[in-house]
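Right, one structure below, let's go through it.
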């Protein structure tokens, strides 16, 4: 006999688990054992925990035997064995499910083998990280097919005639699933997890259908999106003591609206479930104990989300005529400018809830980034809230450390990645942490800065030994010992990638290296690395990966970091003990069945809630439909159902940000619909935004004045080079920072050879060529200059950019230089190359010194020509005249006083900048100074003026007072220029340029 199905629904206005538990306890009439023979099937373990907590809230301290609660969405042998007890069902008779890691590893082998065969079509072989990711996508595809009961063999007919060629490539790729994978499963003696889950559920359904179990069976909260689950629900609904309780079915929806419901609607999944169960929606009854006060909100939300085909009847529903205060009672929204401000406002809502005893609040959002921002905002009050979605294990302290190890080896232990690793709080390499950090700071300052040393760890060690030998550097033998200890810890990783090691061996060495790096003088590294919940999660993941990845080979050092990221991408750590008792952050699935006093629905933007529909990597929309897979739009319908469930009860705050990551956003379509149906805007809770701004606002904002240090006279420099005088003129504060405070800009880490480096190397090469003996003309001279250039450029020639761009330019410069020297030799003698000069400024205690690139002497009149090599910008005549570029005139002043050793004190007749780029043209002579004697005299007077002005303690070293003329300098950040400089020059007085 076919039994009438027993199906209930709990309205969205009630907390599902509370309504279910309350009614069952009422039905028990205080009997502490009456529920003992009741079994409740819930969607997953999280729903199981929520329902148990709901029972405990209502029971309090009374003794009560709770009903058995079992998750049917995450079935395992224990669950099925219990549910099928006494029915002759033994799950061990079926093949076991393959583990997810084992499956992905086996699929990756097939993917990589296919990639090698198709390398010519794809522009190269697949990287291991791509292979692992594609294997995961294939696994998800197989789960979809088996969940929907579709056969792998149908994939052969997937691509119809006339589609683009790349679909043929897709079809060939999917032969991994349709042809090879069944044989692999048979050889392993296992089955896919989704297939085994469905087998267990269908077998249980068949057993219960043939022989109903004793006791009451209630399937609660499931929407039956898995066909096997829907089949089991259909059986439970027809058991003698069975019942199905659906979440939030709208029993009052009109027939026209119900017929128009599709996959994108909030009831799309429930409609499909009822059709599968063979239940008419009018047969569904209300679960007792409705909340009539909140029914208005639930009705508003449901009507706002009606199918588009019936929205012409919105006006007849009468919402626009209703009092908006009553209609929106308990409902408000927050529209923040940015996601950070949205998070700050949400945190204030949650913090306010704690002012009332026992009151609870929950943030419900699919935006995990928003959840992290809210947790950070709550931390300002010392409130730690658990995110039910967990944290990516690679974002934990231990996970980041292990990721930094992978990054360092993939980047060849380059300075940036190596320093990031060595600075991690876990790393001590066996030393006392305090002394280790002191050595690390010196390693950073004296060894790792500048152009990257070649040769990996060995090259770094060679550079460090050279630095130790330099007595001027602050890097000593004890620091070298720390570096050697760190390098010894890292050596095994170099060795394992030098051979043809499998991935499991690489992972083992990775762990050994991490433990060695984390070892302190009093604690082994394992105690540091694997402590806490994140350490345990990582240890379990490593153990499983090592066990299952021995067959994966051809993993290079360069690709290891990306592969490591993929291996751990889906692993999350969920804290057990750090849960707040009254504040929660839930995903949409957790919020479907439970409720807090204040529900905050965050991230109400298109692309977030509802989420963006991502394209299927395997099939387009028509192909999915033809193949029998459900449309991706079903996720939009599920999201809509979750929205209605979370937003229909209690006090609700809807929040969104107008910009996310700097990009404008579009409000969620559901917000538009609610306000359009109601004929008014949802009340705004702007006070939380105002409070957030007040917390971050300064009590008083005082304008910051430019720095104006006035050091005592004895601290002021009395000896400067011509380039330092130029800095003095352009940016006195920079001179103050360099000479008085003795602060020097650090070279960047892993610095790329830049224009300054190029100029320095060119100067050195030309100096060596002119000062060393040897041929200086013809082919022999050209060959010698190239040989000198190779010696000078050798430290940076391993850089691809240097070799590809600089060296060919240097070859052109060498060719020009040899020819130019022959031409100049007819009229000039080289009087000095890179020579130093020093002289006191008469009548003062100030000393000027300089190093001239080159000084030539005219054979006819013995006059001198000062030459400066430039690979970059040449000063303009206006800058030299204004005194902002006095280098060459001051060098000429020194030359005319005989300050250069070996150079006669003759008049200077010419000042030339040789702009040497190696481009087109290779060389450009620039003579911005037209009147050399006047320029020399002006430079001397300008220097005297500076010396006199700064001999007065009242004269301040101002920060770059004329940026329009002089640009910006190395010490602008120290001077906090951006805090006090606006578009107008603060020293200009509004009178224009001087």
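Numbering (our numbering), first residue to last: 109 to 1102.
Ideal Cβ placement from N, Cα and C applies to all residues, glycine included.
Asked                                                                                                                             : Found
Bounding residues of the alpha helix (DSSP H) (the contiguous stretch that carries residue 832)                                   : 830-838
Reduced DSSP category for residue 330 - H, G, I as helix; E, B as strand; rest coil                                               : coil
Whole-number beta carbon distance between residue 737 and residue 256, since they are thought to touch under 8 Å                  : 6 Å
Range of the contiguous alpha helix (DSSP H) that encloses residue 594                                                            : 585-606
Proximity to residue 836 [Cα-Cα], best of 975, 155, 697 and 1050                                                                  : 1050
Status (buried if at least 16 other CB within 10 Å, exposed otherwise) for residue 659                                            : exposed
Cβ-based neighbour list, residue 387, same chain, cut-off 6 Å, excluding 5 preceding and 5 following                              : 113 and 115
Nearest residue (CA-CA) to residue 855, options 558, 181 and 787                                                                  : 558
Whether residue 204 touches residue 179 by CB criterion (8 Å)                                                                     : no
Opening and closing residue of the alpha helix (DSSP H) in which residue 932 lies                                                 : 915-932
Which listed residue (216, 902 and 816) has its alpha carbon closest to that of residue 234                                       : 216
Straight-line Cα distance separating residue 252 from residue 463                                                                 : 47 Å
Supposed contact pair residue 378 and residue 357 - C-beta distance, whole angstroms, cut 8 Å                                     : 5 Å
Cβ-Cβ separation, residue 175 to residue 146 (assumed contact under 8 Å), whole Å                                                 : 4 Å
For residue 707, the three-state DSSP class (helix, strand or coil)                                                               : strand
C-alpha gap between residue 1013 and residue 961, whole angstroms                                                                 : 17 Å
Same chain only: Cβ atoms within 8 Å of residue 969, ignoring 5 sequence neighbours per side                                      : 1017
Neighbour-count burial assignment, residue 1076, 16 or more Cβ in a 10 Å radius                                                   : exposed
Beta-carbon proximity check, residue 973 vs residue 1021, cutoff 8 Å                                                              : no
Touching by the beta-carbon criterion (3+ pairs, under 8 Å), the stretch 705-713 and the stretch 456-476                          : yes
Where residue 410 sits in the DSSP three-state scheme                                                                             : helix
For residue 367, three-class secondary structure by DSSP                                                                          : helix
Sub-8 Å separation of residue 479 and residue 495 beta-carbons                                                                    : yes
C-beta contact flag for residue 761 and residue 793 at 8 Å                                                                        : yes
Closest residue to residue 555 among 899, 929, 915 and 858 (Cα-Cα distance)                                                       : 858
Sufficient close CB pairs (3 or more, under 8 Å) joining the stretch 821-830 to the stretch 1031-1045                             : no
Cβ pair count under 8 Å reaching 3, the stretch 128-144 against the stretch 768-785                                               : no
Helix, strand or coil at residue 401 according to DSSP, with G and I counted as helix                                             : Bear in mind that a pLDDT of 48 at residue 401, under 50, signals an unreliable position, so the number given afterwards is only what the model happens to contain. In this structure, residue 401 counts as coil in the three-state DSSP scheme.
7 Å CB neighbourhood of residue 281 in its chain, flanking five on each side removed                                              : 222
CA nearest to the CA of residue 581, picked from 422, 605, 551 and 598                                                            : 551
Closest Cα partner of residue 293 within the set 319, 753, 611 and 208                                                            : 208
For residue 681, three-class secondary structure by DSSP                                                                          : strand
Local conformation of residue 694 per DSSP, three classes                                                                         : strand
Simplified DSSP assignment, three categories, for residue 465                                                                     : coil
Residues that DSSP places opposite residue 760 in a beta bridge                                                                   : 439 and 707
Beta-carbon contacts of residue 944 that lie in its chain and below 6 Å, excluding the five residues immediately before and after : 959
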